[in-house]
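In terms of our numbering, the sequence shown opens at residue 71 and continues consecutively.
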Amino acid sequence: MKIRQVITGQTGLSRTDRVAALCYACNLTTEQVYSNLDAQIDDGDLAVLEACLKDRMSGKPLAYITGKREFFSETFMVNESVLIPRPETEILIEEALRQLNGRKGCAILDMGCGSGAIGAIMAKETGNRVTCVDISYEAVGVARKNAEAVGVGSLMEFVCSDLFEAFKPDIRFDMILANLPYVTHEEWKSLMTDVRDFEPRLALYGGEDGLDVYRRLTASMPGRLVPGGDILLEIGSGRQAEELKAVLEKTGLSIRVINDYAMRERVLAGHG
Ligand SMILES: C[S@@+](CC[C@H](N)C(=O)[O-])C[C@H]1O[C@@H](n2cnc3c(N)ncnc32)[C@H](O)[C@@H]1O
71 MKIRQVITGQ TGLSRTDRVA ALCYACNLTT EQVYSNLDAQ IDDGDLAVLE
121 ACLKDRMSGK PLAYITGKRE FFSETFMVNE SVLIPRPETE ILIEEALRQL
171 NGRKGCAILD MGCGSGAIGA IMAKETGNRV TCVDISYEAV GVARKNAEAV
221 GVGSLMEFVC SDLFEAFKPD IRFDMILANL PYVTHEEWKS LMTDVRDFEP
271 RLALYGGEDG LDVYRRLTAS MPGRLVPGGD ILLEIGSGRQ AEELKAVLEK
321 TGLSIRVIND YAMRERVLAG HG
């Protein structure tokens, strides 16, 4: 079979998916795929390609098939124990970098680290020490591998914990970042099957109004942020921004709401 036949074939998949599958199976870049349309795919690559297309047709996200996802110009290893990092999470990182403003010697926390994407980028971009926490033991293992791959393993620490449960009472951070589950019960029912059937429910589902885990986080936060410290939380739609802002402001933080590119409320940025 030729590359051209795969691209024009009727597989029920988008062209983007078919080209991505070709890149993965034949170890080619997108440019190489398009400049070799009449090349014959060898038997070994064809077997990988067919398995890849079959998985994709069952709804499996491409990132879980290829085992990787680009985020903030780095490649992160992913598997079905971690959420696939989303482009909107880059907004949280950009704001965190702005608030940090080049400060050194800070202790940063990535709560609900999943693949470790937020923590590893913060360590790489700032040189500060980052602690990654996740309730999932498997996720902590993936985050640790990613930190090594990004070249920041020596700046990072990994803890498997339900929020702050495993931390001594005197451990505090200069910056707390969190992208915890925030999908509401209603949203969960209508999520795309690619997401609902393949990504971990533990990473996504936040209860009736999506705020179950964030409420527990804010309740356990007093004393965890140094005076003058920063907090950045990725949130979902509805009344989440308003509700969490009110709770955090009661603890003395001043909070701003930052929208994503679709003009939806996406990040709460606070300063102590
Ligand atoms: C939305 S995912 C975010 C993953 C990653 N930070 C990212 O941005 O791609 C939420 C993560 O929070 C973790 N999590 C859920 N409940 C938690 C809890 N009680 N304590 C710590 N981590 C938790 C999940 O296992 C999951 O990895």
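From the three backbone atoms N, C-alpha and C, an ideal C-beta is built for every residue, glycine too.
If you follow the alpha helix (DSSP H) that residue i is in, where does it begin and where does it stop?
i: Cys93; result: Arg85 to Cys96
i: Lys320; result: Gln310 to Lys320
i: Lys138; result: Unbroken run through Lys138 is the beta strand (DSSP E), Lys138 to Phe141; no alpha helix (DSSP H).
i: Asp204; result: First-last for Asp204: Arg199 to Asp204, but that is the beta strand (DSSP E), not the alpha helix (DSSP H).
i: Ala289; result: Asp282 to Ser290
i: Val337; result: Where Val337 is concerned, there is no enclosing alpha helix (DSSP H), although the beta strand (DSSP E) it sits in stretches over Glu335 to His341.
i: Gln75; result: Ile73 to Thr78
i: Glu256; result: His255 to Lys259
Since I believe residue j is in contact with residue i (beta carbons under 8 angstroms), could you give me their beta-carbon distance rounded to a whole number of angstroms?
i: Pro251; j: Ala273; result: 6 angstroms
i: Ile188; j: Leu162; result: 7 angstroms
i: Asp204; j: Gly184; result: 6 angstroms
i: Leu119; j: Val89; result: Their Cβ separation, rounded to whole angstroms, is 11 angstroms, which puts Leu119 and Val89 out of contact at 8 angstroms.
i: Gly306; j: Gly342; result: That pair is no contact at about 24 angstroms.
i: Ala311; j: Gln169; result: Actually they are not in contact, since the Cβ atoms of Ala311 and Gln169 sit about 18 angstroms apart, beyond 8 angstroms.
i: Glu158; j: Tyr134; result: At roughly 19 angstroms, the Cβ-Cβ gap does not stay under 8 angstroms, so Glu158 and Tyr134 are not in contact.
i: Gly137; j: Met147; result: 6 angstroms
i: Leu287; j: Leu323; result: No, Leu287 and Leu323 are not in contact; Cβ-Cβ is about 13 angstroms, not under 8 angstroms.
i: Val152; j: Val212; result: 5 angstroms
i: Ala236; j: Val229; result: 6 angstroms
i: Leu247; j: Leu302; result: 5 angstroms
i: Tyr284; j: Leu261; result: The Cβ separation is near 19 angstroms, so there is no contact.
i: Arg85; j: Leu107; result: Rounded, the Cβ-Cβ distance is 13 angstroms, inconsistent with contact.
i: Thr254; j: Gly308; result: 7 angstroms
i: Leu179; j: Phe243; result: 4 angstroms
i: Lys130; j: Phe268; result: 6 angstroms
i: Arg336; j: Ile325; result: Not confirmed; about 14 angstroms, so no contact.
Helix, strand or coil: how does DSSP classify residue i here?
i: Ile246; result: strand
i: Val222; result: coil
i: Asn216; result: helix
i: Asp267; result: coil
i: Asp112; result: coil
i: Ile161; result: helix
i: Leu179; result: strand
i: Thr99; result: coil
i: Lys130; result: coil
i: Val152; result: coil
i: Tyr104; result: helix
i: Tyr275; result: strand
i: Glu235; result: coil
For residue i, report the span of its beta strand (DSSP E) as first-last.
i: Gly299; result: Leu295 to Glu304
i: Ile191; result: Looking at the DSSP string, Ile191 is not in any beta strand (DSSP E); the run it does join, the alpha helix (DSSP H), is Ala187 to Thr196.
i: Arg326; result: Ser324 to Asn329
i: Glu144; result: Glu144 to Met147
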